[in-house]
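Colleague: First residue of the sequence shown: 17, per the working numbering; consecutive thereafter.
Virtual Cβ for every residue (Gly too), placed ideally from N, Cα, C.
Just passing along the structure, written as structure tokens.
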Amino acid sequence: MMAKTFLQTLSGKILADYEDDLSRAVIVLPNKRARVFLLDILREEWSETNFAPKIASIEELIQEISGIRSVDSIELLFEFYDVYLSMTEKEDQQSFDVFSGWAKIAIQDFNEIDRYLIEPTYIFSYLSDIEALKRWKLEHNDTTELIDKHLAFWKKLPQYYEQLYKHLKERGVGYQGLIYREAVRKLPAFSSEKANYVFAGFNALNASEEKIILHFITNGLGKVYWDIDNYFLENVHHDAGLFIRRFKKNWKPYLASDSFDWAFNHFSEEKNIKIIGTPKSVGQARIAGKLVSDLTEDGHTLDKTALVLGDENLLLPVLNSLPKKVDSLNITMGYPSKNNPAQLLIAKIIKLHVNALTRNEQHYTLYYKEVLEVLNHPFIEPFGNFHELVQIINFNNFTFFSLETLFRLKNEVAFVNEALFTTLFSRWDGMSVIQILESLKGITIMLRDFLRSEGEDEKVSQAFVYSVYKMLNKMIVYQEKYEKMISVKDIQATYKQIVDLAEVSFEGEPLTGLQVMGVLESRVLDFENVIITSVNEGKFPSGKSQQSFIPYDVKQEIGLPTYKEKDAIYSYHFYHLLFRAKNIFLLYNTDSEGIDAGEKSRFITQLEIEKLPKHHMQQLIYNAVLPDKPYEKIRIEKSELALDRLQEIAIGKGFSPSSLTAYIRNPIRFYFQRVLGIRESDEVEENIAVNTLGTIVHESLEQLYQPFVGDFLSLQSIALMTSQLDDVVLQKFKEVYKEGEIKKGKNFLAFEVAKRNVYNFLQLEKNRIESGETIKILMLETELRGELEHARLPYTVKISGKVDRIELCDGKLRIVDYKTGKVEARNLRIKSFEGMTEDLKNEKSIQLLCYALMYVQQFGFPKEEIEAGIISFKNLKGGFMPFAYDKETYITLEIVELFKEELAFLIAQILNPDLAFEEQWV
Numbered sequence: 017m018m019a020k021t022f023l024q025t026l027s028g029k030i031l032a033d034y035e036d037d038l039s040r041a042v043i044v045l046p047n048k049r050a051r052v053f054l055l056d057i058l059r060e061e062w063s064e065t066n067f068a069p070k071i072a073s074i075e076e077l078i079q080e081i082s083g084i085r086s087v088d089s090i091e092l093l094f095e096f097y098d099v100y101l102s103m104t105e106k107e108d109q110q111s112f113d114v115f116s117g118w119a120k121i122a123i124q125d126f127n128e129i130d131r132y133l134i135e136p137t138y139i140f141s142y143l144s145d146i147e148a149l150k151r152w153k154l155e156h157n158d159t160t161e162l163i164d165k166h167l168a169f170w171k172k173l174p175q176y177y178e179q180l181y182k183h184l185k186e187r188g189v190g191y192q193g194l195i196y197r198e199a200v201r202k203l204p205a206f207s208s209e210k211a212n213y214v215f216a217g218f219n220a221l222n223a224s225e226e227k228i229i230l231h232f233i234t235n236g237l238g239k240v241y242w243d244i245d246n247y248f249l250e251n252v253h254h255d256a257g258l259f260i261r262r263f264k265k266n267w268k269p270y271l272a273s274d275s276f277d278w279a280f281n282h283f284s285e286e287k288n289i290k291i292i293g294t295p296k297s298v299g300q301a302r303i304a305g306k307l308v309s310d311l312t313e314d315g316h317t318l319d320k321t322a323l324v325l326g327d328e329n330l331l332l333p334v335l336n337s338l339p340k341k342v343d344s345l346n347i348t349m350g351y352p353s354k355n356n357p358a359q360l361l362i363a364k365i366i367k368l369h370v371n372a373l374t375r376n377e378q379h380y381t382l383y384y385k386e387v388l389e390v391l392n393h394p395f396i397e398p399f400g401n402f403h404e405l406v407q408i409i410n411f412n413n414f415t416f417f418s419l420e421t422l423f424r425l426k427n428e429v430a431f432v433n434e435a436l437f438t439t440l441f442s443r444w445d446g447m448s449v450i451q452i453l454e455s456l457k458g459i460t461i462m463l464r465d466f467l468r469s470e471g472e473d474e475k476v477s478q479a480f481v482y483s484v485y486k487m488l489n490k491m492i493v494y495q496e497k498y499e500k501m502i503s504v505k506d507i508q509a510t511y512k513q514i515v516d517l518a519e520v521s522f523e524g525e526p527l528t529g530l531q532v533m534g535v536l537e538s539r540v541l542d543f544e545n546v547i548i549t550s551v552n553e554g555k556f557p558s559g560k561s562q563q564s565f566i567p568y569d570v571k572q573e574i575g576l577p578t579y580k581e582k583d584a585i586y587s588y589h590f591y592h593l594l595f596r597a598k599n600i601f602l603l604y605n606t607d608s609e610g611i612d613a614g615e616k617s618r619f620i621t622q623l624e625i626e627k628l629p630k631h632h633m634q635q636l637i638y639n640a641v642l643p644d645k646p647y648e649k650i651r652i653e654k655s656e657l658a659l660d661r662l663q664e665i666a667i668g669k670g671f672s673p674s675s676l677t678a679y680i681r682n683p684i685r686f687y688f689q690r691v692l693g694i695r696e697s698d699e700v701e702e703n704i705a706v707n708t709l710g711t712i713v714h715e716s717l718e719q720l721y722q723p724f725v726g727d728f729l730s731l732q733s734i735a736l737m738t739s740q741l742d743d744v745v746l747q748k749f750k751e752v753y754k755e756g757e758i759k760k761g762k763n764f765l766a767f768e769v770a771k772r773n774v775y776n777f778l779q780l781e782k783n784r785i786e787s788g789e790t791i792k793i794l795m796l797e798t799e800l801r802g803e804l805e806h807a808r809l810p811y812t813v814k815i816s817g818k819v820d821r822i823e824l825c826d827g828k829l830r831i832v833d834y835k836t837g838k839v840e841a842r843n844l845r846i847k848s849f850e851g852m853t854e855d856l857k858n859e860k861s862i863q864l865l866c867y868a869l870m871y872v873q874q875f876g877f878p879k880e881e882i883e884a885g886i887i888s889f890k891n892l893k894g895g896f897m898p899f900a901y902d903k904e905t906y907i908t909l910e911i912v913e914l915f916k917e918e919l920a921f922l923i924a925q926i927l928n929p930d931l932a933f934e935e936q937w938v
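Next comes the structure, spelled out in structure tokens:
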């Protein structure tokens, strides 16, 4: 049974004190979220109809006192930039992009100074003097323009503060610190005669909050109730009770006698604590999902379960890891916009258009990767029907192409989403900044409508899209008001800067289902089951990193909070989650090095060292399940369908020499490619692949030599082919590489290599002729066919393949295979046929003998001697390198018969139903 929660205790106190008129009470809580839970408890405990008390967060109360509307971070940055421009000479004005880099830090410091009621002139003059002292030994002549500008910035910082404060105040808006400072000033005039204020559940207070709460207490208008356990209140060394101990000591004259009556001893009660370590953040997400599943199976209700994310970036992995039985959940946390997939989509669209204009404003040149990133985006791909368009771009090797080309390709495809495509890719150079922003906003509206049609499953995605919609709306309002963005680059720079300031907020039903929340959202709330992720140093607590212009020692001296106070705040939040919980799961990342690494949090170590008698603590390390072997070879038995498919190949088109050697190299690859017909998906070949280059060289030689089939080669024919070489290679490049770019970069080098390969080959032919060889071209790229009957084979098997060239050279018939890779003569020699097809080093000899076998079967044994060999373009000095059997280079009937035996053995293995396809590692 879970202990009575703080809000239940508070509800009982309110009902007892204000039984006659609940509306007289104003309950002030640390955050807005607790209001819903308190109202629900009041409704359950109060049987009669009555007006509910007013329940407000501390920020709402202070805003009411000040009479100033809170301005969001994005609007504030725009307002500050307007103030900055009004104070700065035109020649010294920075772009919004540069300005934002330091303005965000300055605003944070302004906020802290105001919240803690620090005298601004004092702190700014202090900082300016520090910077001046750093350079006090410099003579006037030793200073640089950079140093002068740096000192000038520090002198101007207080002016920026004063003008921004004045500007915002005149408009009736402000950042949190300004509102707090103004609330303190207006506090005496704030009418509160008819209300009684109850401040409940607070821990750390800034100077403004202290003054305001004390004002109500000292004037008999308010009471304070703390949410603290005696274990932390009485332990003077424990950070979790640091601030409340201070208030107990310093506020003693003002506090009611019952203010600390609620200090309880729940932390010392029985608790089951599991400390679970696992590598990487994603592992924590998976474990969190499993823990939720286990809790539901054990009969726990998810209404009493909180999943607290120490790192908000874990939200999406956690949501994807939750079990299907979680039919309702409530997300209450700020998710950083920089990881918002909808925001990333808009950023990619902006980048695409900016780069297109930069490359070529007239033709609007697009880069395929940027186009595909948009078309394949998870928010675009399901609704755009752009699959066929993506395939066309990949298949035709479009790398850089005009916008006109993209629209032409789109028109060749049926069933695309025309409206979405047009909005995504319409030219921006003829549009105003407002029109561009409206166009981007239009994309978010389309996505919203698409996602709504998908129902409840896409509510999280809808929240992502809505966040970007609001951000673009603010940019439009800013542009309409100030017109500071002139070009598309200004849009990109502004968008980049405000992304960090925007957060995604989620809507849900807070009273039902699993509660997924951030650390700050857990204040005042109590749960029976608590799962906390990322309990690592640097995340929980957040660590020392904080951006500020105010040094640590200065903060310490003037009373501004430092990382030490922040650690104490995190300590309270951590232990508060444990106060009344019964089942606690603390997840941390065990990786201490590399990306996404961190040490185990000090809070876990503290729990372990200060373990209480009733705390049942269990430590677990979850690692990925590692197999006994690092990799298990794939083994696939031959099914009836596989055997039918093999027979279809064998008696149909036949096995090619390359497919047979593919089987020797790796039977599994042979199975996937030849039996199943699986091919690698088309992708844009930005840089020419080796096999593509080989195809271009082969086809170039075929076209050059085609006019001379049946003729003897002469020096004149070689000269003619040499003169045509450049044009033919370029033509083949365009045919094979299609729309790929070949005029620059690596592809231009590949183009030159192809020309050089063909040129060197022609020079080899020229040298042969000059040395007295007679060469007659008989066939080019000829399809050869043959059949194999053997007792080992269940049926007659066909073999087929295309040979590159057959020639007569000095009365000898030569079967020639071109290889663009390096081959040496020793690779083509064998001493025995026994086991020939079981050794991969013989693959080229097997191919040559297959060609010889098919030629003999198709045309019979010629009267001339036969040789089968390779010309390697990376070893042209080797010339024609023939297959050799025990130093014999001619193909004889004996060699053909010996090879048929080995070939029958190989094909019998392929067709053997009892021999599985098993992966081979080469």
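Round the Cβ separation of Leu331 and Leu325 to the nearest angstrom and send it over; I've been treating them as touching at under 8 Å.
Modeller: Indeed, because the Cβ distance is near 6 Å, the residues count as touching under 8 Å.
Colleague: I need the boundaries of the alpha helix (DSSP H) containing His369, first residue and last residue.
Modeller: That run of the alpha helix (DSSP H) goes 357 to 375.
Colleague: Does DSSP put Pro673 in a helix, a strand or coil?
Modeller: Residue state, collapsed to three classes: helix.
Colleague: Apply the 10 Å Cβ neighbour rule to His393 and answer buried if 16 or more other Cβ atoms are within range, or exposed otherwise.
Modeller: It counts as buried.
Colleague: Buried or exposed: where does Ala304 fall if 16 or more other Cβ atoms within 10 Å of its Cβ makes it buried?
Modeller: Buried, because 16 or more other Cβ atoms sit within 10 Å of the Cβ of Ala304.
Colleague: Can you tell me the Cβ-Cβ gap for Leu271 and Ile229, rounded? I've got them flagged as a contact below 8 Å.
Modeller: 10 Å between Cβ atoms; not a contact.
Colleague: Using the C-alpha atoms, what's the distance from Glu805 back to Leu824?
Modeller: About 30 Å.
Colleague: Does the contact criterion of 3 or more C-beta pairs under 8 Å hold for the stretch 490 to 504 versus the stretch 535 to 542?
Modeller: No: fewer than three Cβ pairs fall under 8 Å.
Colleague: Taking Phe921 as the reference, give the member of Phe875, Phe849, Pro878 with the closest Cα.
Modeller: With distances taken between Cα atoms, Phe921 lies closest to Phe849.
Colleague: Within its chain, find whatever has a CB closer than 8 Å to the CB of Ile78; leave out the 5 residues flanking it on each side and keep chain order.
Modeller: Excluding positions up to five away in sequence, the list reads Ile195, Tyr196, Ala199, Ser224, Glu225, Ile228.
Colleague: Relative to the C-alpha of Phe875, which residue among Gln936, Ile887, Leu794 is closest?
Modeller: It is Leu794.
Colleague: May I ask you to report which of helix, strand or coil DSSP gives Leu154?
Modeller: A caution first: Leu154 carries a pLDDT of 48, below 50, which makes its placement in the model too unreliable to give a value.
Colleague: Specify the secondary structure class of Ala322 as computed by DSSP and reduced to three states.
Modeller: It is a strand residue.
Colleague: Assign Ile846 to one of three DSSP states: helix, strand, or coil.
Modeller: Three-state DSSP puts Ile846 in a strand.
Colleague: Is the beta carbon of Asp607 closer than 8 Å to that of Lys290?
Modeller: No.
Colleague: Since Gln192 and Ser86 should fall inside the 8 Å C-beta cutoff, what is the C-beta to C-beta distance between them, to a whole number of angstroms?
Modeller: Confirmed, about 7 Å.
Colleague: In the DSSP output, what is Cys866 paired with across the bridge?
Modeller: Answer is none; Cys866 lacks a bridge partner.
Colleague: What residue range is occupied by the uninterrupted beta strand (DSSP E) comprising Asn212?
Modeller: Residues 212 to 216.
Colleague: Indicate whether Gly238 and Phe215 have their beta-carbon atoms separated by less than 8 Å.
Modeller: It is a contact, given that the beta carbons lie within the stated cut-off.
Colleague: Roughly how many whole angstroms lie between the Cα atoms of Asn433 and Glu397?
Modeller: Looking at the two C-alpha atoms, the distance is approximately 10 Å.
Colleague: Taking the straight line between their C-alpha atoms, what separation do you get for Leu914 and Ile862?
Modeller: In a straight line, the C-alpha of Leu914 is about 12 Å away from that of Ile862.
Colleague: Quick check: the Cα distance between Trp278 and Ser73, rounded to an integer number of angstroms?
Modeller: Approximately 21 Å between the Cα atoms of the pair.
Colleague: Among Gln451, Asn843, Tyr871, Ser27, which has the Cα closest to the Cα of Arg830?
Modeller: Comparing Cα positions, the closest option is Tyr871.
Colleague: Taking the straight line between their C-alpha atoms, what separation do you get for Ile30 and Leu38?
Modeller: When rounded, the distance between both Cα atoms is 8 Å.
Colleague: So what does Met633 bridge to, in DSSP terms?
Modeller: DSSP output for Met633 lists Ile289 as bridge partner(s).
Colleague: Sorted by chain position, which residues of the same chain lie with C-beta nearer than 6 Å to Lys748's C-beta, five sequence neighbours on each side aside?
Modeller: Result list for Lys748: Ile712, Glu715, Ser716, in chain order.
Colleague: Tell me the start and end of each unbroken alpha helix (DSSP H) in the stretch 867 to 932 that is at least 4 residues and wholly inside, in chain order.
Modeller: Fully enclosed alpha helix (DSSP H) runs of 4 or longer: 909 to 927.
Colleague: In chain order, which continuous runs of the beta strand (DSSP E) of length 3 or greater are located wholly inside the stretch 522 to 588?
Modeller: Runs of the beta strand (DSSP E) inside the stretch 522 to 588: 530 to 534, 545 to 549.
Colleague: Distance check for Lys598 and Lys287, CA to CA, integer angstroms please.
Modeller: Computed Cα separation, rounded: 5 Å.
Colleague: Name the DSSP bridge partner or partners of Leu800?
Modeller: Its beta-bridge partners are Gly817.
Colleague: Compute the beta-carbon to beta-carbon distance between Thr460 and Tyr494, rounded to the nearest angstrom, for a pair I have assumed lies under 8 Å.
Modeller: Their Cβ separation, rounded to whole angstroms, is 17 Å, which puts Thr460 and Tyr494 out of contact at 8 Å.
Colleague: Quick one, are the C-beta atoms of Gly817 and Ser655 less than 8 Å apart?
Modeller: Not a contact, by the Cβ cut-off of 8 Å.
Colleague: If you follow the beta strand (DSSP E) that Tyr380 is part of, which residue opens it and which one closes it?
Modeller: Here Tyr380 belongs to no beta strand (DSSP E), and DSSP marks it neither H nor E.
Colleague: Assuming Leu909 contacts Phe933 (C-beta within less than 8 Å), just tell me the rounded distance between them.
Modeller: So it is not a contact: roughly 34 Å between Cβ atoms.
Colleague: What residue from Ala363, Ser469, Lys505 has the CA that sits closest to Lys457's CA?
Modeller: Looking at the Cα atoms, Ala363 is the closest of the given residues.
Colleague: Classify Leu729: buried if its beta carbon has 16 or more other beta carbons within 10 angstroms, exposed otherwise.
Modeller: It is buried - the Cβ of Leu729 has at least 16 other Cβ atoms within 10 Å.
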